[in-house]
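Residue 179 in my numbering is what sits at position 174 of the sequence shown, and the numbering runs on without skipping anything. See below for the structure under consideration.
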Amino acid sequence: MQSVWVVRSVAAAAFSLLAGMAAPAHATVINYVTNGSFETYSVLNNVTSFGGWAVSTGPGASNPGYGPESATTDSVTKNRFGDIVVPDNATSPSPDAAGTHALYFVDDVAYQSVTQQVYLPAAGVYEVGFDAMNTTSGSGNKYDSTVVALMAGVTVVSGNTTIFGTNSWTHYSANATVSTPGYYSVQFAFQGGSAPAKDVFIDKVYVNNPSVLPGGGVIIPAIPEPWTLPLLASGLAGLAALRRRAAR
């Protein structure tokens, strides 16, 4: 009897282990956007470059005239117009940390944009989104500016920057239906109205897949540890022996 109990115990443990390996061990939310929080950047000759993003500035840039720039969001540092901006605290499914920087569209008259091509690996419904806010100084400027957020073929926002909260981070999102895997564009385009124009901060840009995991992301199965394989084999062998004995 003791040997039968041992075999049953080993077999049960083996199948429990097999079930554990078949089920997802953990879930990871993946952001397909690189540098979505704009924490990686460099400045050369007053021109800001953001890792993963292509930056474009049209003719007429004059105030300050250097294209989209990085702004500090640490609740301490003042920007060029005296604003102190808090870190992005909007509720968002983005896995990226808010950090202490954001994209700052501030020119009075020029068309400016940042664009990134993201690879989406499967057909499905992807969640796209970002956070934004107006600065106190910018919201007081006389002329409206416009922002268009186009993400994976979906226009998330299009209109005057007055739609954004003043000195308060707000989250915006939409669902983008992707029919085939491939590269898709994520772009933010800003057009200053006239001097002085309103400006805007953009942060925590993301593209993830809510159809795979509620709240966004993909499920990554665990890789079996090497030591589990002999135990699984032993359990299966014991179960086979138990069945042969019962059949006699």
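Where is the CB? At the ideal position from N, CA and C, for every residue including glycine.
Residues near residue i in its chain [Cβ-Cβ closer than 7 Å; skip 5 each side]
i      : result
Lys2   : Past the edges of the chain, shown from 6 to 253, lies residue 2, and the structure says nothing about it.
Thr141 : Asp88, Thr171 and Asn172
Gly158 : Ala181 and Tyr189
Ser54  : Tyr46, Ser47 and Val60
Ser21  : Legend: pLDDT at Ser21 = 49, less than 50; position of this residue unreliable, value from coordinates given subsequently. Hits under 7 Å: none found.
Ala95  : Asp136, Trp174, Thr175 and His176
Beta-carbon contacts of residue i that lie in its chain and below 6 Å, excluding the five residues immediately before and after
i      : result
Pro100 : Val34 and Asn36
Phe195 : Phe110, Gln117 and Val152
Val119 : Trp58, Val60, Pro73 and Phe193
Phe86  : Ser142
Gln121 : Gly57, Trp58 and Val191
Sub-9 Å separation of residue i and residue j beta-carbons
i      : j      : result
Val133 : Met156 : yes
Lys209 : Asp136 : yes
Val38  : Gly57  : yes
Lys3   : Asn139 : Since the first and last residues shown for the chain are 6 and 253, residue 3 lies out of range.
Leu125 : Phe43  : no
His2   : Tyr46  : Nothing can be reported for residue 2: it is not among the residues displayed for the chain, which extend from 6 to 253.
Span of the beta strand (DSSP E) around residue i
i      : result
Ser163 : Val159 to Asn165
Thr141 : Premise fails: Thr141 lies in the alpha helix (DSSP H), Thr141 to Ser144, not in any beta strand (DSSP E).
Phe55  : Val52 to Phe55
Asp208 : Val205 to Asn213
Val119 : Tyr116 to Leu125
Gly129 : Gly129 to Met138
Tyr177 : Thr175 to Val183
Phe193 : Gly187 to Gln196
Tyr46  : Tyr46 to Leu49
Tyr109 : His106 to Phe110
Ala76  : Glu74 to Thr77
C-alpha distance - residue i paired with residue j, whole-angstrom precision
i      : j      : result
Asp93  : Gly63  : 28 Å
Ile89  : Ser173 : 12 Å
Ala103 : Ile207 : 11 Å
Val191 : Val123 : 7 Å
Gly198 : Val152 : 11 Å
Ser80  : Gly129 : 39 Å
Thr160 : Val91  : 27 Å
Thr175 : Asn50  : 32 Å
Thr185 : Val212 : 16 Å
Pro229 : Ala127 : Only weak support exists for where Pro229 lies, its pLDDT of 48 falling under 50; the value from the coordinates is given anyway. Using only the alpha carbons, I get a separation of about 25 Å.
Asn165 : Ala179 : 19 Å
Phe169 : Val205 : 8 Å
Thr77  : Asn40  : 15 Å
Asp112 : Ser97  : 28 Å
Tyr131 : Val48  : 33 Å
Spatial neighbours of residue i in its chain, beta-carbon cut-off 8 Å, leaving aside the 5 residues before and after
i      : result
Thr167 : Asn139, Ser144, Asp149 and Lys203
Gly187 : Tyr124 and Leu125
Val162 : Ala137, Val152, Val153, Ala154, Ile168 and Tyr177
Ser75  : Phe43, Tyr46, Val48, Thr53, Phe55, His106, Ala107, Leu108 and Tyr109
Residue-chain proximity (residue i, chain D), Cβ-Cβ < 9 Å
i     : result
Ser75 : Judged by its chain identifiers, the structure shown contains no chain D, having just a single protein chain.
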